[in-house]
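**Student:** The working numbering applies: residue 7 is where the sequence shown begins, and numbers increase by one. C-beta: ideal position from N, C-alpha, C; glycine also.
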Amino acid sequence: MRSSDLPSLPVVWRPRRTRIVAYTMAGVIVLGMVVLAIVVAPPFTVFDRVLLVALGLFLGWLLHMFARCRVVADQRGVTVVNAFRTRRLEWPEVLSVTMAPGEPWPTLDLADGTSIGAMGINGAEKPRAAHQLTELRALLAEHAEAPDR
């Protein structure tokens, strides 16, 4: 990818299908639990109904945590927002990005010898994920500490 083809920074990559499914399911679950708490009112106490709604809200929160996943690239580096952890990485910290066929998301290999999954690029969205991966790799090559010789 030529430097003129690089996406303009900052760029945000996030899965489309995952967000649609997660937020749709969260809405259905929360609404279903509220309706259940109201419709099945006679045999349940108020405490039971509150717990039903609380369970629906908890499940909705869990689905939100998975839907919020994203990878953000800017001039300083990459921010990886996974379901329960956010990690800020400077460009020199990221050595490479790999994603074998069939993997759910790419892996960022880091300079400290560890790696981190980037759930914001979803392997299930094959053409979209391939394009996002190409863009991320190009940005990594452009912003690497030392150019390849």
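Taking the alpha carbon of Ser121 as the point to measure from, which residue in Glu141, Arg93, Leu142, Ala136 has its own alpha carbon closest?
**Tutor:** It is Arg93 whose Cα lies nearest to the Cα of Ser121.
**Student:** Short of 8 Å in beta carbon distance, which residues of its chain neighbour Thr104, apart from the five on each side in sequence? Order them along the chain.
**Tutor:** Pro112, Thr113, Asp115
**Student:** Between the Cα of Pro98 and those of Gln81, Val40, Leu65, Ala43, spot the shortest distance and give me the residue it belongs to.
**Tutor:** When each option's Cα is compared against that of Pro98, the closest is Gln81.
**Student:** Compare the Cα-Cα distances from Gly126 to each of Glu148, Ser102, Arg76, Leu139 and report the closest residue.
**Tutor:** When only C-alpha atoms are compared, the closest one is Arg76.
**Student:** Just verifying my parser: in three-state terms, what is the DSSP assignment at Asp115?
**Tutor:** strand
**Student:** Can you tell me the Cα-Cα spacing of Val46 and Lys132, whole angstroms?
**Tutor:** 43 Å
**Student:** Using the C-alpha atoms, what's the distance from Met71 back to Arg155?
**Tutor:** Low local confidence applies: a pLDDT of 43 at Arg155 is under 50, so the model's placement there is unreliable, with the coordinate-based value given in what follows. Approximately 41 Å, taken between the alpha carbons.
**Student:** Would you check if the distance between the CB atom of Asn5 and the CB atom of Ala117 is smaller than 8 Å?
**Tutor:** Since the first residue of the chain shown is 7 and the last is 155, residue 5 is not available in this structure.
**Student:** Does the beta-carbon of Leu58 have 16 or more other beta-carbons within 10 angstroms, so that it is buried, or is it exposed?
**Tutor:** buried
**Student:** Going by the CB atoms, is the gap between Leu15 and Ala73 shorter than 8 Å?
**Tutor:** Taking a C-beta distance under 8 Å as the contact criterion, Ala73 and Leu15 do not qualify as a contact pair.
**Student:** Roughly how far, in whole angstroms, is the beta-carbon of Val100 from the beta-carbon of Val84, given that I think they are within contact range, below 8 Å?
**Tutor:** 6 Å
**Student:** Below 8 Å CB to CB, which residues in the same chain sit around Gly108 once its five sequence neighbours on both sides are set aside?
**Tutor:** Gly129
**Student:** Do Val27 and Gly62 have their C-beta atoms within less than 8 Å of each other?
**Tutor:** Not in contact: Val27 and Gly62 (Cβ atoms no closer than 8 Å).
**Student:** Taking DSSP as the reference, what is the three-state secondary structure of Asp154?
**Tutor:** A caution first: Asp154 carries a pLDDT of 49, below 50, which makes its placement in the model unreliable, though a value can still be read off. Coil.
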